[in-house]
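**Student:**
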Amino acid sequence: MAGTWQNWSGQVSCTPASVEYPESELAAAALITAKRDQGNVPVRPVGAGHSFNDLCATTGTLIDPGRMNRVLGIDTATGRVRVQAGITLRDLTESLASAGLALRHSGGAYDQQLGGSLATGTHGTGTTSASLSAQVRSVRLVTADGTVREAAAPASTSEDSDFFNAAVLGLGALGLVTEVELETVPAFRLHRVQTPRILDSLMPELLDRVAATDHTEIFLFPYTRRALLLEATRTDAPAQRENPLRLWFERDILESTALGSMLRIAATKPKVAPLVSQGIAALANSGERIDDSTKLSIPAARVRYTEMEYAIPIPRVIEAIERILAVIQARRLPVASPIEVRFAAADTALLSPASGGPVAYVAVHQYVGLPWEDYFAAAESILLELGGRPHWGKRHSLTARDFAARVPGWNAFGRVRAHVDPDGIFSGEYLQRILGPVPSLPGGRP
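At position 429 of the sequence shown the residue is numbered 429 (UniProt numbering), and the sequence of numbers has no breaks.
Structural data, given as structure tokens:
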């Protein structure tokens, strides 16, 4: 036995038969073939463990590509970059910056591996910015029979794109992603303004502000009518960086030490959660900064939490916000962490929560020391009623039957899965629950 594996939040654990760390694509293919032949299945790819559900949990084999973390090539003329899938988003963005390039966006957790970020549909914010998967031009993966397959973005709409659009957000259900080619952009700066707001004045103008701003993010504080609005717009203006001492104080003292202490108080005495939320809202302050896009990312979270996030049509976001805040208040739920709202453009990944149109992502968080079940169930009921689809790397209660009715690319993904993994080598308990058994193909096995 390999001992106990835990995810980042510490709330999901498993005891796999082994944890493997291949250092090359060839080694990964040999490992998968051997595990299949030995019956040490399922085989589940695992990254930095930032998924909040049991996507990676298994009693079979975990394969971590974290040692496959090199930049294989950067073409500054085309902006195309080829990297191994085990590279972290932090190392990737730093390598791109040194070449004068950047991702359009990269989400909020820089310690994630690229492969895991793609597998779960990691996204940033901005109605013209789709998920990280939308920046992929090709992907290589080792499938269940040890074969290395490459899926490239179709050159025209007439080409069959299902394999590619399944592989760029594949939940680890199709194989182990080993290499990725990304389309990047020239490095750019952002002018970010953060402003504490009262909801009664923010809500009437919210959708217009979102449409007029490159990147919008909102934090809403339960048991208050207050929010923190973050707006970032691309600019050619010179950098205006914050005083390093102030930045250290805000990130390390206010956002880490003070926030952590307040949440621990709420965990000890859940009845004071409303007061803690009000205290956290009081920490929100105004600020303005111009800097490189990579330097304006949210720092790694130091307070452990769990999360549920749903994508809903943007016109429904105000209703979602008001109803979730109202149910927290009415039921006196012990919630002290802010609700987070981001926005994303549509993309073509078959399983994308944003397929079919731009969406608002509404995320509810709960500190690990507080109960999350009642809160998440109440919020989920509202978000489902508003046409929501869950983020694949976060908590939800849906099953394969639910997804089949909500995800337009569901059947197409199932056909790809049946072709590349007919025996379900990569299908752990979680995938059985959310994807169901591997579909049968017309005419039998491929």
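Backbone N, C-alpha and C define an ideal beta-carbon position, used for all residues, glycine too.
1. Note the first and the last residue of the continuous alpha helix (DSSP H) segment covering T233.
2. Compute the Euclidean distance between the alpha carbons of W248 and V407, then round it to the nearest angstrom.
3. Hey, A28 and L176: beta-carbon distance below 8 Å or not?
4. By DSSP's criteria, G287 is part of a beta bridge. Which residues make up the other side?
5. Is it right to say A326 is buried, meaning 16 or more other beta carbons lie within 10 angstroms of its own, or is it exposed?
6. By how many angstroms is the C-alpha of A336 removed from the C-alpha of L263?
7. Can you check whether the CB of M68 is closer than 8 Å to the CB of G86?
8. Taking all protein chains shown into account, do 16 or more other C-beta atoms lie within 10 angstroms of the C-beta of L383, making it buried, or fewer, making it exposed?
9. Cα-Cα, which of T15, V193, F221 and Y305 is closest to R241?
10. For R406, report the span of its alpha helix (DSSP H) as first-last.
11. Express the C-alpha separation of H419 and P442 in angstroms, rounding to a whole number.
12. Where does S98 fall in DSSP's three states?
13. Are the beta-carbon atoms belonging to A363 and E307 less than 8 Å from one another?
14. Considering only their Cβ atoms, is the gap separating D208 from A232 smaller than 8 Å?
15. Going by C-alpha distance, which of V43, G387 and L350 is nearest Y361?
16. For the segment 36-47 against the segment 55-70, are there 3 or more C-beta pairs whose distance is under 8 Å?
17. My assumption, with CB atoms under 8 Å, is that P22 sits in contact with W5. Please give the rounded CB distance.
18. Could you check how far apart the C-beta atoms of V142 and E25 are, in whole angstroms? I think they sit under 8 Å.
19. Can you find the residues in the same chain that come closer than 6 Å, C-beta to C-beta, to L55, ignoring five residues on each side of it along the sequence?
20. E179 CB to nearest chain D CB: under 8 Å?
21. To the nearest angstrom, how far is the alpha carbon of R316 from that of N285?
22. When you compare only the Cα positions, how much space is there between L397 and D75?
23. Curious, which full-length beta strand (DSSP E) runs of at least 3 residues does the segment 14-54 contain?
**Tutor:** A quick look at the data gives this:
1. Residue 233 sits at position 233 when you count from the first residue of the sequence shown. T233 -> not in any alpha helix (DSSP H); beta strand (DSSP E) instead, spanning R226 to T235.
2. The residue given as residue 248 occupies position 248 in the sequence shown. The residue given as residue 407 occupies position 407 in the sequence shown. Since pLDDT at W248 reaches only 49, below the 50 mark, its modelled position is unreliable, and the value read off the structure follows with that caveat. C-alpha separation (whole angstroms): 43 Å.
3. As a working mapping, residue 28 is identified with position 28 in the sequence shown. As a working mapping, residue 176 is identified with position 176 in the sequence shown. Closer than 8 Å, so yes.
4. Working through the sequence shown from its first residue, we reach residue 287 at position 287. Paired residue(s): Q194.
5. Within the sequence shown, residue 326 is the residue found at index 326, counting from 1. By the neighbour-count rule (16 or more Cβ atoms within 10 Å), A326 is not buried but exposed.
6. Start at 1 with the first residue of the sequence shown, and residue 263 comes out as number 263. Start at 1 with the first residue of the sequence shown, and residue 336 comes out as number 336. So the two alpha carbons sit approximately 7 Å from each other.
7. As a first step, residue 86 is located in the sequence shown; it is residue number 86 there, counting from the start. As a first step, residue 68 is located in the sequence shown; it is residue number 68 there, counting from the start. In contact: G86 and M68 (Cβ atoms closer than 8 Å).
8. Translated into the one-based positions of the sequence shown, residue 383 becomes position 383. Counting the other CB atoms within 10 Å of its CB gives L383 a total of 16 or more, which places it among the buried residues.
9. Reading the sequence shown from its first residue, position 241 is the one you call residue 241. Selected option, being the one with the closest Cα: V193.
10. Taking the first residue of the sequence shown as position 1, residue 406 is located at position 406. Note, R406: alpha helix (DSSP H), A400 to R406.
11. Within the sequence shown, numbered from 1, the residue matching residue 442 stands at position 442. Within the sequence shown, numbered from 1, the residue matching residue 419 stands at position 419. Separation of P442 and H419 (C-alpha to C-alpha, rounded to the nearest whole angstrom) is 11 Å.
12. As a first step, residue 98 is located in the sequence shown; it is residue number 98 there, counting from the start. In the three-state DSSP reduction, S98 falls in the helix class (H, G or I).
13. Walking along the sequence shown from the start, residue 363 turns up at place 363. Walking along the sequence shown from the start, residue 307 turns up at place 307. Cβ distance < 8 Å, so A363 and E307 count as in contact.
14. As a working mapping, residue 232 is identified with position 232 in the sequence shown. As a working mapping, residue 208 is identified with position 208 in the sequence shown. No, these two residues do not count as a Cβ contact at 8 Å.
15. The residue labelled residue 361 in the question sits at position 361 within the sequence shown. Closest in alpha carbon position to Y361, among V43, G387 and L350, is G387.
16. Judged by Cβ distances under 8 Å, the segment 36-47 makes contact with the segment 55-70, as three or more pairs qualify.
17. Translated into the one-based positions of the sequence shown, residue 22 becomes position 22. Translated into the one-based positions of the sequence shown, residue 5 becomes position 5. That belief does not hold up - the Cβ atoms of P22 and W5 are roughly 17 Å apart, past 8 Å.
18. Here residue 142 refers to the residue found at position 142 when the sequence shown is read from its first residue. Here residue 25 refers to the residue found at position 25 when the sequence shown is read from its first residue. Indeed they touch by this definition, with Cβ atoms about 7 Å apart.
19. What you label residue 55 is simply residue 55 of the sequence shown in a count that begins at 1. Counting only residues of its own chain and dropping the five nearest sequence neighbours on each side, L55 has a CB closer than 6 Å to the CB of Y430.
20. Of the protein chains in the structure, only one exists, and it is not chain D.
21. Counting from one through the sequence shown, the residue named residue 316 turns up at place 316. Counting from one through the sequence shown, the residue named residue 285 turns up at place 285. A straight line joining the alpha-carbon of R316 with that of N285 spans about 28 Å.
22. As a working note, residue 397 is residue 397 in the sequence shown. As a working note, residue 75 is residue 75 in the sequence shown. It should be noted that the sequence gives Ser, not Leu, for residue 397. Distance between the alpha carbons of S397 and D75: 43 Å.
23. Counting whole runs of 3 or more residues, the segment 14-54 contains the beta strand (DSSP E) stretches 18-20 and 43-45.
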